[in-house]
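Mapping to my numbering: the sequence shown position 235 is 230, numbers consecutive.
Quick notes on the structure that follows.
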Amino acid sequence: MQRRRLGTLALFTAHTVLLVSGSLVPPAYAEEAAQKLSLSGSVKDPSGAIVPGALVEITDAQGKRSTTTADAAGVYRFAELADGTYTVAVSAGGFATNTVTGLQVSASRPVLLNVTLQIETARQDVQVTPGGATDTAPDRNADAISISGSALDMLSTDTGMMQQQLQAMAGATGDSGSASLYVDGFSNGKMPPRSTIREIRINQNPYSAEYEEQGGGRIEIFTKPGTDKLHAEVTAYGTDSSFDSQNPFATEPQPFHTWNLEADSNGPLGKKTSFLAGIRLNHAANVSVVNAVTLDNNNNQTPLEAVVDSPTDYNGLSVKIDRQISTSNTLTARVDYGHQNQQNSSVGQLQLASQGFGLVNNFTILQMSDSQIYGPKIVNDTRFQYQRARSTQDPVSTAAALVVQGAFTGGGSALGHITDNTDQYELQNYATFDLGKHFVRAGIRQRIGRDANSSTANYNGEYIFSTLGAYQAAEQQIAAGATTVAGASQFNITTGDPAATVLLADTGLFAEDSWKITRKFTATYGLRFETQNHITDEHDFAPRLAATYNIGGDGKKPPLFALQMGFGVFYTRFPIADLLQATRLNGVSQSQYVLTNPVTYPQIPAASALQGVGQVPPTLYRIGSTYRSPYLLYPSVSLEHSFHGGSQLSFGYRGSRGEHLLLQHNINAPLPGTYNPAVPTSGVRPFGTLQNINQYDTEGVSNRNRLFVNGHVHTKPLEVFANYTFGYARSDTSGGFPMNQYDARADYGRDSWDPRNRLFLGEFHHMPGGVSGGFFMIAQTGTPFDIVLGNDLNGDSQFNDRPSFATDLTRASVVRTQYGNFDTAPIAGQKIIPHNYGNGPGVLLLNTYWEKSFAFGPRLQPGPDDPKPVLKAGQKPPELPQKYAFTASVEAENLLNHVNPSPPVGTLGSALFGKSNALNQNYTQGSANRQIMFIAKFSF
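Right, dumping it as structure tokens:
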């Protein structure tokens, strides 16, 4: 199999090389296109790295303007310009505009003008860029979001909150609430501080064959390069509970605070080398709120509210070096180190304080990239990343875990002691070919991940009670003198060797061509190939297609609309965590034993006793022999109109169809209708034993349809952008294991990430006197939650069975709720309620920031290489900036103090059923409902 897979990779690589070397167009055609070129060049940053997407504007002597953007290789071009003198202005987010005047252009000899942009220090320009209707390039799609310059101030200074905001923005364009993070082109990235970010892109070029994810499924972050002058910035920020509103799920005040210090410096290291270095010191004295129902000292049911300290400390160091080896070769190296220490993790909601554990994480990231330009048409990028992570987890208690469905989880942590050592390697090589009307990209990415893990998870054992009443009865018997009692629904424990090591590798190759068929029409088509070890599916081909057509307009007038269409196939890789689970719990290295309706509570049966019980064979985990890589089919169409001044309005449709999606199921569960819950050994099983065989398979499906409207208003002092999405999503994979192990389609219902309506709005503006501010708002309707019994009625050892719709309200098993009348003991003829039948609360979140800057010190004199300002007759030159700046800011999270609850408890019979017992962790830091942050920044 391995030899055949290598052959497949070699074959695809050969095809890619042939495709590129063939140039896709006749040489004569490319030569003809080059002869018509009047002005071209590359755009780079101070380190010599290319700046794709830079805006290039030329103005002739009569004041007529033409614009274009630099392509993915940082190359711009103008064709068939009239002879004369031109002014060229080049700008990009996070950089100062570079203006060249008096440029002579002649049709007889094309002009090559390479431009270097400097990092802006005054940061007066605002850049939030959706796709432009005048540009048919594939990365100028209507629903793309690009944030740079002072627009970055709209995002929270706090790194964790900023990541939540970006995930929310990606959720408006993607299919889930979790998008992959890319940093400087590398996958599996870690969020850098806002002060080091040059640009953020979301959903840009959504059908690019370069990526495994669709555009809405990735967040791309590009960090700043070093500069040719020394700059530094020190930022201190923090919060205190005395300024914040109280968590509404805690009746007692919870004192907490955070303080953070970040310092960054960048500048030259000689003539051709620059650096960017920074440190981070973060301390968060947060608290976790427990809201559960348990027993008091007299074994009476009673609500429990507790506030538990859960502090987190993080220290980080980052260094980035840019070296311009030559005018066509740039080398970049970056090292990140981080140390995190967190206490009482995993506590909150139904998780009691004894469930907490201490977590220590250390990580190191090494990134190296080499960019080489071969003439005006070819760029080659080689990148390497190594990620090293070492983490240790120690539980507060090693007592047996105790789960009472819908009431509380107590006892010791079932996660146990864990030591995890991961090493991840990533190598990329991408080539770009500018062939006139064809822009070709091709490349390969290889990733290898190693996880050496030692875990005593569930070595302490776990008792599960279906109801609080059953647990109460058991405790009352023990209080009366019994040593062991019945009443628990399940006891499970793991034994064996805690150590396991896995190696997971995947390879992706791609080639794509962006063909500018006419001035109004561009088509981009590509193919991606992916393969991965440990699964039988080794040939995953993913075609991609996108097209943009400008409707109306001519060479002098902008188009009336831009019509954009796309379709693509996107695969999902098998996760290393699931491979580790299947390797560890294979029945040899480790064994997991499950006892149904045990009579041993609260004692812990010895492992030797379990091994001697013939009817309790260990549970196995494995990967199915017919496993296929999950994939999603994405179609989309949109229409965009650009207004005078740069504002845009677009609307469109996005859909997706998921096939062979990952789920787990017990392939040796009792056949439907053969299991009696009162007799644990009953039921007819396919393999003839009582062994649970939990298998990773790809049998799930999903369907999502969304209509969206995007708006972007651009004026000099004000920027407003908005996205509204109306969606409908259904799947049968939200819960991991299906309710019916032999019919996953029975779980087909609303997807867990299915807010019907979603609005995202951002606004920021500059005011006189160095004052600026903005708002960030998210509003969405509720997402669904599952209503379950908290019991195992079919013998598959999973507690996800659902009730039926009640047909006889006189039955004792009927429960009346605000969601309907349900029967907790379904009988023949009754319909089981759909998966995710309940609907949770919506979200309304409004954040704001305001800042005031003070400049002082001597004025900076321009250097010999700085661009000269273009002045009209009689116009005074602009005032030179001062050397130092101090900025005072305030940020408010959830300004309106609106309560955004978590999804309700969905276990029928629980005293908390249908109630939320915490704040929504996707949109808050958790300790307070409204949080005020104060920031002070000094820079020079």
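We treat Cβ as the ideally placed atom computed from N, Cα and C, and that holds for glycine.
Because the structure is a prediction, the values reported are computed rather than measured.
- Task: Determine the contact status of A139 and A506, defining contact as a CB-CB distance below 9 Å.
- Result: As a first step, residue 139 is located in the sequence shown; it is residue number 144 there, counting from the start. As a first step, residue 506 is located in the sequence shown; it is residue number 511 there, counting from the start. Using a Cβ distance threshold of 9 Å, A139 and A506 do not count as a contacting pair.
- Task: Could you tell me if V594 is buried or exposed, where buried requires 16 or more neighbouring beta carbons within 10 angstroms of its beta carbon?
- Result: Residue 594 sits at position 599 when you count from the first residue of the sequence shown. The residue is exposed, with fewer than 16 neighbouring Cβ atoms inside 10 Å.
- Between S911 and the rest of its own chain, which residues show a CB-CB distance below 6 Å, the 5 nearest in sequence each way excluded? Numbered from 1 along the sequence shown, position 916 holds the residue referred to as residue 911. Closer than 6 Å at the Cβ level, and outside the excluded window around S911, lie P896, S897, P899.
- Message: Rounding to the nearest angstrom, what Cα-Cα distance links P750 and S283 in this structure?
- Response: Locating residue 750 in the sequence shown gives position 755, counting from the first residue. Locating residue 283 in the sequence shown gives position 288, counting from the first residue. The straight-line gap from Cα to Cα measures roughly 27 Å.
- Message: Cutting at 6 Å between CB atoms, please list the residues of its own chain near S645, excluding the five before and the five after it.
- Response: Taking the sequence shown and counting its residues from 1, the one referred to as residue 645 is at position 650. Within the same chain, S645 has close Cβ partners A137, S633, E635, N705.
- Message: Do D389 and G353 count as a contact pair if the criterion is CB distance below 9 Å?
- Response: Along the sequence shown, one-based indexing puts residue 353 at 358. Along the sequence shown, one-based indexing puts residue 389 at 394. In this structure, D389 lies closer than 9 Å to G353 by Cβ.
- Query: Along the chain, where does the alpha helix (DSSP H) that runs through A940 open and close?
  - Reply: In the structure displayed, the chain extends from -4 to 935; residue 940 sits before or after that span and is not available.
- Message: At the level of alpha carbons, what is the spacing between V85 and Q159?
- Response: Working through the sequence shown from its first residue, we reach residue 85 at position 90. Working through the sequence shown from its first residue, we reach residue 159 at position 164. Using only the alpha carbons, I get a separation of about 33 Å.
- Would you give the residue range spanned by the alpha helix (DSSP H) that D573 belongs to? Locating residue 573 in the sequence shown gives position 578, where the first residue counts as 1. Note, D573: alpha helix (DSSP H), 571 to 579.
- Message: Only counting the same chain, and skipping five residues up and downstream in sequence, which positions put a Cβ closer than 6 Å to that of A887?
- Response: To locate residue 887, count along the sequence shown from 1; it is residue 892. Result list for A887: T843, I927, in chain order.
- Task: May I ask which residues mark the beginning and end of the alpha helix (DSSP H) holding E874?
- Result: Within the sequence shown, residue 874 is the residue found at index 879, counting from 1. That residue, E874, is in no alpha helix (DSSP H); it is neither H nor E in DSSP.
- Query: In or out: N752 buried (at least 16 other Cβ within 10 Å) or exposed?
  - Reply: What you label residue 752 is simply residue 757 of the sequence shown in a count that begins at 1. N752 should be labelled exposed.
- Message: Within a Cβ cutoff of 7 Å, which residues of the same chain sit near N795, ignoring the five residues on either side of it in sequence?
- Response: Your numbering for residue 795 matches position 800 in the sequence shown. Result list for N795: G730, F732, M734, V783, in chain order.
- Whole beta strand (DSSP E) runs in the region 284 to 343 with 3 or more residues, listed along the chain? 296 to 304, 307 to 321, 324 to 340
- Please list, in chain order, all residues of the same chain as V110 whose beta carbon is under 7 Å from its beta carbon, the five residues on each side excluded. Sequence index remark: in the sequence shown, residue 110 carries index 115 (1-based). Take V110, set aside five residues on each side of it, and the residues of its chain with a beta-carbon closer than 7 Å to its own are G36, V38, V85, N93, in chain order.
- contact_flag[the region 707 to 725, the region 752 to 772] where n(CB pairs < 8 Å) is 3 or more: Contact holds: three or more Cβ-Cβ distances are below 8 Å.
- Task: Taking Q559 as part of the beta strand (DSSP E), name the residues at either end of that continuous run.
- Result: Taking the first residue of the sequence shown as position 1, residue 559 is located at position 564. Start and end: 556 to 566.
- CA-CA distance, L627 and T621? Within the sequence shown, numbered from 1, the residue matching residue 627 stands at position 632. Within the sequence shown, numbered from 1, the residue matching residue 621 stands at position 626. Taking the straight line from one Cα to the other gives about 18 Å.
- Message: So, at 6 Å on beta carbons, what are the nonlocal neighbours of V330 in its own chain, with the 5 sequence-adjacent residues on each side left out?
- Response: In the sequence shown, residue 330 corresponds to position 335, counting from 1. Excluding positions up to five away in sequence, the list reads V314, L361.
- Would you mind listing the alpha helix (DSSP H) stretches within the region 650 to 728 that are 4+ residues and don't spill past its ends, in chain order? None, since the region 650 to 728 contains no complete alpha helix (DSSP H) of that length.
- Task: Can you have a look at Q856 and say buried or exposed, based on whether 16 or more other CB atoms are within 10 angstroms of its CB?
- Result: Mapped onto the sequence shown, residue 856 falls at position 861. Answer is exposed; the Cβ neighbour count stays below 16.
- Message: Please report the distance separating the alpha-carbon of G640 from that of D259.
- Response: Sequence index remark: in the sequence shown, residue 640 carries index 645 (1-based). Sequence index remark: in the sequence shown, residue 259 carries index 264 (1-based). When rounded, the distance between both Cα atoms is 35 Å.
- Closest residue to W510 among A452, H433, P570 (Cα-Cα distance): Working through the sequence shown from its first residue, we reach residue 510 at position 515. When A452, H433, P570 are compared, the shortest CA-CA separation from W510 is found for H433.
- Query: Does the Cβ-Cβ distance between G196 and P220 come in under 9 Å?
  - Reply: Here residue 196 refers to the residue found at position 201 of the sequence shown. Here residue 220 refers to the residue found at position 225 of the sequence shown. A small correction: the amino acid at residue 196 is Arg; Gly does not occupy that position in the sequence shown. Not in contact: R196 and P220 (Cβ atoms no closer than 9 Å).
- Item | Beta-carbon gap between L575 and D446 smaller than 9 Å | Here residue 575 is taken as the residue at index 580 of the sequence shown, counted from 1. Here residue 446 is taken as the residue at index 451 of the sequence shown, counted from 1. Closer than 9 Å, so yes.
- Message: By DSSP's criteria, I822 is part of a beta bridge. Which residues make up the other side?
- Response: Reading the sequence shown from its first residue, position 827 is the one you call residue 822. Note: I822 sits in no beta bridge, so no partner.
- Item | Whole-number beta carbon distance between G407 and A395, since they are thought to touch under 8 Å | Start at 1 with the first residue of the sequence shown, and residue 395 comes out as number 400. Start at 1 with the first residue of the sequence shown, and residue 407 comes out as number 412. About 6 Å; that satisfies the 8 Å criterion.
- Message: Quick check on the DSSP output: the beta strand (DSSP E) that includes L634 runs from which residue to which?
- Response: If you number the sequence shown from 1, residue 634 lands on position 639. That run of the beta strand (DSSP E) goes 626 to 637.
- Nearest-angstrom Cα distance between A414 and T517? Here residue 414 refers to the residue found at position 419 when the sequence shown is read from its first residue. Here residue 517 refers to the residue found at position 522 when the sequence shown is read from its first residue. In the sequence on display, residue 414 carries Thr and not Ala. Computed Cα separation, rounded: 52 Å.
- C-alpha distance - K515 paired with G653, whole-angstrom precision: Within the sequence shown, numbered from 1, the residue matching residue 515 stands at position 520. Within the sequence shown, numbered from 1, the residue matching residue 653 stands at position 658. Going from the Cα of K515 to the Cα of G653 covers about 33 Å.
- Three or more C-beta pairs closer than 8 Å, one from the region 249 to 264 and one from the region 210 to 226: is that the case here? yes
- Item | the region 685 to 704 contacting the region 802 to 822, beta-carbon criterion three pairs below 8 Å | no
- Which of the three DSSP states, helix, strand or coil, is assigned to E215? Locating residue 215 in the sequence shown gives position 220, counting from the first residue. Note: E215 maps to strand in three-state DSSP.
- Exposed or buried, T80, counting other C-beta atoms within 10 Å across all chains shown (16 or more means buried)? Walking along the sequence shown from the start, residue 80 turns up at place 85. In this structure T80 is exposed. Its beta-carbon is surrounded by fewer than 16 other beta-carbon atoms within 10 angstroms.
- Item | C-beta contact flag for W748 and T778 at 9 Å | Sequence index remark: in the sequence shown, residue 748 carries index 753 (1-based). Sequence index remark: in the sequence shown, residue 778 carries index 783 (1-based). Yes.
- Item | Distance between S240 and D791 (C-alpha atoms, nearest Å) | To locate residue 791, count along the sequence shown from 1; it is residue 796. To locate residue 240, count along the sequence shown from 1; it is residue 245. Spanning the two alpha carbons is a distance of roughly 45 Å.
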